[in-house]
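For reference, the structure discussed in these notes is given below.
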Amino acid sequence: MVHRFIHLLLLPVVSGTLLVLSFPTYDLDFLAWIALVPLLIAIRGKPWKTAFGQGWLAGLVFFVGTLSWVITAMHQYGQIPFPVSILIMLLLAGYCALFVALFAAILVALTDARGLLRPWTAAALWVTLEWLRGHLFSGFPWALLGYSQYHTLSVIQIADVTGVYGISFLLVLVNALVARLAEVIGSRVGLGTKPVPVPWMTVVVAAALFAFVVDYGHWRLDPRNNPANEHSLHIGLVQPNVDQAQKWDVAFRRQTIDRYKKLTAQVVQEVDLVVWPEAATPFFFDVETEYRDELLRFVRERGVPLLFGAPAVDSRTDGGQRLFNSAYLVSGTGMVLERYDKVHLVPFGEYVPLKPILFFLNKLVVGIGDFVPGSGPRVMSGPSGHLGLVICFEVIFPDLVRQFVDQGADY
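In terms of my numbering, the sequence shown is residues 15 to 425.
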């Protein structure tokens, strides 16, 4: 009974927990190299339906742990009732967990003639499902496995060739090999009924691949191989740490604006571009002309271009209005040069997804913004080159970032 409990439930929970610990705020990124091992051991030899359930359990633990911030965002800042915030987070986590469930179910269906899981198949399958998760229903590529390695610079440099999916592939390949080696050891100490062979060819090729990735990373990080670009930019980042509870309170508007101006004045003498955060201005830049003119005058006096976030409102032909989460680029002479509208909005934060299906949520989530997505990525003509801009949540979409590069973004 204990052995069955361990294999059926405990090992998937352990995998989910290790995955959570691999990401912020814990940042134990080395655990990502072994996090899937308990799950892979647990599903070996199981019917696909059982493996599906085990994978879903592991995925649920993983995504509940990495999406818990959604509750705070919706409840505190969206004014959504706390129980409803928890329910929405669980629904989102349960949906994402389905992809881990599919990974486990399909993988056991593709075992070799000896009932052993195939490491290369595991890596390819995981990456395929990550890609699908990032594209279905507008996509939600949150916590792609490769993102866990953002601290390990020598490993992630290969992403300039493979994208984040290449990092995920390598991680799952190592996980699958470790799981196989654990089974080899287990079979030799009498824990298995049949001997499990060591996949020497796979081990050698995977080791060579890992060595190549790390060596490539060291090469890319070597300053001798990356001479400073003659058009390099000095950028001043302004982070005012405005309390979200005060940000849109009219009583604190003047205080917020003055804080941005004071911090900006401290860096403009040393930079080519100043950047403010998403939705930095506590007013509608296009509509509230008094504050807009004040900001443009401030930029003109300082003589340094400013990139900042602000909500934007466009009038529709039917007399209605469309609300965008936007970013503006202002020249050093105080001219508004470009505006980019956020393409990928935060589900249940900036809009309610699948409204025809989830119509019953409209009355429950009145605090959620009703933003509309922008028309697509567009490169801005910034100082010393072309600027590609993603806003907050959008940075998790690798395909969107690549589109900016394809359009000629220099930075």
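Glycine residues also receive a C-beta, built at the ideal position from the N, C-alpha and C atoms.
- Between VAL264 and LEU309, the C-beta gap is not smaller than 9 Å, which leaves the two residues out of contact.
- With a contact defined as Cβ atoms closer than 8 Å, GLN335 and PRO291 miss out at about 24 Å.
- For MET394, the uninterrupted beta strand (DSSP E) run begins and ends at 394-396, by DSSP.
- Across the structure, THR295 and LEU320 are spaced so that their CA atoms are roughly 12 Å apart.
- Excluding the 5 residues flanking it on each side, GLU197 has same chain C-beta neighbours closer than 8 Å at ILE55, ARG58, LEU130, GLY206, VAL210, in chain order.
- One alpha carbon belongs to ASP300, the other to LEU337, and they sit about 11 Å apart.
- Collapsing the DSSP output to three states places SER246 in coil.
- Counting other Cβ atoms within 10 Å of its Cβ, GLN260 stays below 16 and is therefore classed as exposed.
- DSSP places SER329 in the strand class (E or B) of the three-state scheme.
- Inclusion of LEU251 and VAL313 in the CB contact set at 9 Å is not warranted, their separation being larger than that value.
- The DSSP assignment places complete alpha helix (DSSP H) segments of no fewer than 4 residues inside the stretch 24-57 at 25-36, 51-57, in order along the chain.
- Under DSSP, the beta-bridge partners assigned to GLN335 are SER329.
- When C-alpha distances from TYR342 are compared across PHE322, VAL327, LEU235, the shortest belongs to PHE322.
- With a cut-off of 8 Å on Cβ pairs, the stretch 396-409 is not in contact with the stretch 223-239, counting fewer than three such pairs.
- Here the stretch 23-32 lies against the stretch 63-77, with 3 or more beta-carbon pairs under 8 Å apart.
- Taking each of ASN239, VAL98, TYR274, GLY348 in turn and checking the Cα distance to ASN255, the smallest one comes out for TYR274.
- One Cα belongs to SER82, the other to VAL350, and the distance between them is close to 38 Å.
- Boundaries of the alpha helix (DSSP H) around ARG273: 267-279.
- GLU302 is positioned such that its CB atom lies no closer than 9 Å to that of ASN339.
- One thing to note: LEU50 has its Cβ within 9 Å of the Cβ of ASN189.
- Residue pairing from DSSP places ASP355 in a beta bridge opposite SER340.
- Runs of the alpha helix (DSSP H) spanning 4 or more residues and lying entirely within the stretch 192-236 occur at 214-235, in chain order.
- The DSSP-derived three-state label of ALA423 is coil.
- A distance below 6 Å between beta-carbons, with the five flanking residues on each side excluded, links LEU32 to the following residues of its chain, in chain order: LEU45, ALA49.
- Note that the C-beta distance between THR80 and ALA157 is below 9 Å.
- Taken atom to atom, the span from the alpha-carbon of ARG306 to that of ALA293 is near 14 Å.
- Beta-bridge pairing by DSSP links TYR365 to PRO361.
- DSSP places GLY399 in no alpha helix (DSSP H) but in the uninterrupted beta strand (DSSP E) bounded by 399-401.
- ALA193 is the residue among SER152, VAL281, ARG234, ALA193 whose C-alpha sits nearest the C-alpha of TRP134.
- Beyond the five residues adjoining it in sequence on each side, LEU106 comes within less than 8 Å, by CB distance, of PHE77, LEU81, VAL84, PHE154, PRO361, PHE362 in the same chain, given in chain order.
- For VAL288, the uninterrupted beta strand (DSSP E) run begins and ends at 287-289, by DSSP.
- Considering only GLN163, LEU185, ARG132, the residue with the shortest C-alpha distance to PRO213 is ARG132.
- In summary, GLN171 is buried, with 16 or more beta-carbon neighbours lying within 10 Å of its beta-carbon over all protein chains present.
- The beta carbon of LEU185 sits closer than 7 Å to the beta carbons of ALA46, TRP47, LEU159, GLY160 from its chain, once the five residues preceding and following it are set aside; these are given in chain order.
- Judged by beta-carbon spacing, GLU144 lies within the 9 Å limit of TYR179, meaning their Cβ atoms are closer than that value.
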